[in-house]
Amino acid sequence: MGGKFDPVTLEILWRRLISIVDEADTTVARTAFSSLLRDAHDYTCMFTDRKGRELAQGTFATPGQSGAMALGIKRMVENLTPEGFGPGDVFITNDPWALAGHLNDVCVMSPIYHRGRHVGFTACVFHHADIGGRVSSDNHDVFEDGLFIPLVKLYDGGVMNEALMEMIRWNVRTPEEVIGDIRSQIAANHVCSEKIRQMLDDYGMEGLDELADEIIGRTERSMRTSIQEVPDGIYRAQGIIEQMEGKDDLVIRVAVEVRGDSITVDLEGSSDQVDWGGNVVYNFTYAYVFMAMKSMFDPDIPNNDGCAAPIAMKAPEGSVVNCKFPAAVAARMQIGHFITEIIYRAMAEALPGRVIAGSGGTPATMNVMYGRRHDGTPFHSVRIRGGGMGAGRDRDGEYCYIFPANGANTPVEIFESDTPLIVEKRELITDSGGPGRMKGGLGRRVVIRIPDDDSAPIPPIHLGIQAGRYRYPPEGLFGGGPGAGARFLVNGRPGNPYGLTLLKPGDEVVMDAAGGGGYGDPMERDPEAVQRDVREGYVSLEAARADYGVVLDPETLALDSEETARLRASAKGG
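Our numbering puts the last residue of the sequence shown at 574; the count rises by one with no breaks.
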């Protein structure tokens, strides 16, 4: 085997590392103030060795944060001198170019000490619902996006920087929630540090270096072995991404070069950075490049620095996938989330069983609603919504998934308790999944009403949306059809899904998330599967016939096998 650890001990220690970071993760769920964290799980916990190499991350980490953190924290650690930190120190930053790509993602990082010796770092990134600024996709620079916190010490030797905390407090709309969430981050890091120290004591270990070398080395070898199974070559694809009205579409070009056990992803030819918030920093782009590669080549092994070692990325500076300061970046997921899908498209012919069609949760839809209740107290709520997932070679697309970003959909009950607003309806949309041998996941409709009774909030109520798929629905693969596109209505009329919408009591908002693309020829779908879809309300009788060539009795929904065979033969020209 090589190495210091026997297989059994190594497996026990590896499982314990994951359990430690998951316990820190659970601490967040129990202590965070914002529903975006408690319920939607838009945060990531991880820890590294002394060199800043990622050793373990939470099981439910979000790929955009975790991938960007793994890259960003390593760079931050490389720039720290041993004299620059000590026991009891806590660093904080939300620098988009240093970490996860926009100001709402705030990182809290702490060195871990064991018996006076520095052994690693623990860190967590929270997507804070409120970071001040103008909450809209059409900001023109990062200064409009909110409060920018460079890498500074929040605690120095265990003593809080009260002035820094006050500065944060006075630059956000809901300070109690924001400060409470920062304290939750500190608590998560504390739990992680304590459990690492306990593990080192239990096994008589002086530090993490040898264990990190073993785990990271084994992981890298596993990843490289999987990459070697793909024929050498350059695999290309591009994606067209819509911008707001009046602006030209964006192009993301991808060339994936597989050479032996290494991969280089080149984004040369992608559009220049834009004058609105969809710009993506290098780290966030890399995060979704990594997400694509990890999910295709070695999805089962947990993430650490070894997974990323075989993967290099080139992204031209000043492009929309590697923007320069001070570009607006608040809505970076509107473009960044597409990277994984475009790479899947590039690799589809080489790895048809390891990719999926376009997803309606790409990009995830973020709705920010804030204002004041009728008694004058502020509310500020962020909901992240998914759509239909793209179908794969052997399975239909899931419904209401946030992919590739992960995360969870906020329950209606939580949203209504956090705000004075009413959710009138939340339902799956019939026929929104792309037709195919495997059907795309359904999109979802949410209808929100601003009450106009005695509980009516004080106007205006601000709604900022970060989303996509309004003009270009998710594409299918290998003959599969596209899913239904997204839709945004205000009082029954099309609204502006890219700017800031001002609402008043009595207004009604309809938000449809897109459906996933289908995979394979729809005429090859099992007729009985189509029959079940119709019974469940996922596919209409009309779409069953038109898209799948399946004929059902309108009264009993019994399958007419002969007419179905005739219709399918006719569709194939037979």
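C-beta: ideal position from N, C-alpha, C; glycine also. This structure is a prediction, so every number in the text was calculated from the model and none was measured.
Of the residues I241, E245, G388 and R345, which one's Cα is nearest the Cα of V320?
In the sequence shown, counting from the first residue as 1, residue 320 sits at position 320. Taking only the C-alpha atoms, the option nearest V320 is I241.
Applying the criterion that 16 or more other CB atoms from any shown protein chain within 10 Å of the CB defines a buried residue, is M223 buried or exposed?
On the sequence shown, residue 223 is found 223 positions in, with the first residue counted as 1. So M223 ends up on the buried side.
Under DSSP, the beta strand (DSSP E) around Y43 begins and ends at which residues?
Working through the sequence shown from its first residue, we reach residue 43 at position 43. Note, Y43: beta strand (DSSP E), Y43 to T48.
Are the segment 263–271 and the segment 13–27 in contact at 8 Å, needing three or more beta carbon pairs?
The segment 263–271 is not in contact with the segment 13–27.
Just grab the DSSP bridge partners of V159 for me.
For the purposes of this step, residue 159 is taken as the residue at position 159 of the sequence shown. Answer by DSSP bridge pairing, in chain order: D156.
Taking only runs that begin and end inside the segment 182–247, name each unbroken alpha helix (DSSP H) of 4 or more residues, in chain order.
209–227
Going by DSSP in three states, N322 sits in which element: helix, strand or coil?
Against the sequence shown, residue 322 aligns to sequence position 322. DSSP places N322 in strand when its eight states are reduced to three.
Should the segment 59–78 be regarded as contacting the segment 165–179, the criterion being three or more beta carbon pairs within less than 8 Å?
no
For E83 and A467, what's the separation of their Cα atoms in angstroms?
The residue given as residue 83 occupies position 83 in the sequence shown. The residue given as residue 467 occupies position 467 in the sequence shown. Cα-Cα distance, rounded: 44 Å.
Could you please give the first and the last residue of the uninterrupted beta strand (DSSP E) stretch that includes R117?
The residue you call residue 117 lines up with position 117 of the sequence shown. First-last of the beta strand (DSSP E) with R117: R117 to H127.
Measure the C-alpha to C-alpha separation of K51 and L208 and round it to an integer number of angstroms.
Reading the sequence shown from its first residue, position 51 is the one you call residue 51. Reading the sequence shown from its first residue, position 208 is the one you call residue 208. Roughly 11 Å separates the two Cα atoms.
Taking C-alpha atoms, which residue in E176, R117 and I20 lies nearest to T377?
Locating residue 377 in the sequence shown gives position 377, where the first residue counts as 1. Nearest of E176, R117 and I20 to T377, Cα basis: E176.
Three-state secondary structure (DSSP) at S34?
Position 34 of the sequence shown holds residue 34. Coil at S34, not helix or strand.
From the DSSP output, in three-state form, read off K314 for me.
To locate residue 314, count along the sequence shown from 1; it is residue 314. Note: K314 maps to strand in three-state DSSP.
Quick one: residues in its chain with C-beta nearer than 6 Å to the C-beta of V135, no 5 flanking neighbours on either side, listed in chain order?
Taking the sequence shown and counting its residues from 1, one reaches residue 135 at position 135. Take V135, set aside five residues on each side of it, and the residues of its chain with a beta-carbon closer than 6 Å to its own are V368 and G464, in chain order.
Quickly, what does DSSP pair T365 with across the bridge? List them, please.
Counted from its first residue, the sequence shown places residue 365 at position 365. In DSSP, T365 forms a bridge with R385.
Is the separation between the beta-carbon of G573 and that of R437 shorter than 7 Å?
Your numbering for residue 573 matches position 573 in the sequence shown. Your numbering for residue 437 matches position 437 in the sequence shown. The Cβ atoms of G573 and R437 do not sit closer than 7 Å to each other.
So, under 8 Å CB-CB, D105 and T59 are touching, yes? Tell me the CB distance rounded to an integer number of Å.
Taking the first residue of the sequence shown as 1, we reach residue 105 at position 105. Taking the first residue of the sequence shown as 1, we reach residue 59 at position 59. 19 Å between Cβ atoms; not a contact.
Measure the beta-carbon distance from L151 to T93 and round it to whole angstroms, keeping in mind my assumption that it falls under 8 Å.
Residue 151 sits at position 151 when you count from the first residue of the sequence shown. Residue 93 sits at position 93 when you count from the first residue of the sequence shown. 4 Å between Cβ atoms; contact.
Give the straight-line distance between the Cα atoms of N406 and E563, rounded to the nearest whole angstrom.
Counting from 1 along the sequence shown, the entry for residue 406 is found at position 406. Counting from 1 along the sequence shown, the entry for residue 563 is found at position 563. About 42 Å.
Could you pull the start and end residues of the alpha helix (DSSP H) that F338 belongs to?
Sequence index remark: in the sequence shown, residue 338 carries index 338 (1-based). That run of the alpha helix (DSSP H) goes F338 to M347.
Looking at C-alpha atoms only, which residue of A237, V274, D95 and W276 is the closest neighbour of E257?
One-based indexing of the sequence shown puts residue 257 at position 257. Checking every option, the nearest Cα to that of E257 belongs to A237.
What do you get for F325, buried or exposed, if any count of 16 or more other CB atoms within 10 angstroms of its CB means buried?
For the purposes of this step, residue 325 is taken as residue 325 along the sequence shown, with counting starting at 1. Exposed, by the Cβ-count rule.
Output the boundary residues of the alpha helix (DSSP H) element that contains L500.
Position 500 of the sequence shown, counted from the start, is the residue given in the question as residue 500. No alpha helix (DSSP H) contains L500, which is instead part of the beta strand (DSSP E) from L500 to L503.
In three-state DSSP terms, what is C400?
Position 400 of the sequence shown, counted from the start, is the residue given in the question as residue 400. The answer is coil: DSSP assigns C400 none of H, G, I, E or B.
Between G132 and the rest of its own chain, which residues show a CB-CB distance below 8 Å, the 5 nearest in sequence each way excluded?
Against the sequence shown, residue 132 aligns to sequence position 132. Counting only Cβ-Cβ distances below 8 Å, and skipping sequence neighbours, we find G146, L147, N171, V172 and R173.
Who are the Cβ neighbours of G2 in its own chain at under 8 Å, not counting the five residues just before and after it?
Numbered from its first residue, the sequence shown carries residue 2 at position 2. A caution first: G2 carries a pLDDT of 44, below 50, which makes its placement in the model too unreliable to give a value.
Helix, strand or coil: how does DSSP classify G2 here?
The residue labelled residue 2 in the question sits at position 2 within the sequence shown. Bear in mind that the predicted position of G2 carries a pLDDT of just 44, short of 50, making it unreliable; the figure below should be weighed with that in mind. Reduced to three states, the DSSP call for G2 is coil.
Quick check on the DSSP output: the alpha helix (DSSP H) that includes M76 runs from which residue to which?
Start at 1 with the first residue of the sequence shown, and residue 76 comes out as number 76. Element bounds for M76: P63 to N79.
Hey, how far is the Cα of D213 from the Cα of P435?
Here residue 213 is taken as the residue at index 213 of the sequence shown, counted from 1. Here residue 435 is taken as the residue at index 435 of the sequence shown, counted from 1. When rounded, the distance between both Cα atoms is 47 Å.
Going by other Cβ atoms of all chains shown within 10 Å of its Cβ, with 16 needed for buried, is M167 buried or exposed?
The residue you call residue 167 lines up with position 167 of the sequence shown. By the beta-carbon neighbour count (other beta carbons within 10 angstroms, threshold 16), M167 is exposed.
At a cut of 8 Å, does the segment 555–571 reach the segment 470–486 through at least three beta carbon pairs?
Taking a contact to require three or more Cβ pairs closer than 8 Å, the segment 555–571 and the segment 470–486 do not qualify as touching.
Quick one: is T9 buried, meaning 16 or more other Cβ sit within 10 Å of its Cβ, or exposed?
By one-based count along the sequence shown, residue 9 stands at place 9. T9 is exposed by the Cβ-count criterion.
For a test of the three-state rule: what should DSSP assign to R437, helix, strand or coil?
For the purposes of this step, residue 437 is taken as residue 437 along the sequence shown, with counting starting at 1. In the structure shown, R437 adopts coil according to DSSP, grouped into three states.
Between which residues of its own chain and L442 is the CB-CB distance below 7 Å, once the five residues before and five after are set aside?
As a position in the sequence shown, residue 442 is number 442, starting the count at 1. Taken in chain order, the residues that qualify are G388, Y399, L428, I429, S432, G433, G515 and Y538.
Would you check if there are 3 or more beta carbon pairs closer than 8 Å linking the segment 448–460 to the segment 337–357?
Counting Cβ pairs under 8 Å, fewer than three are found: no touch.
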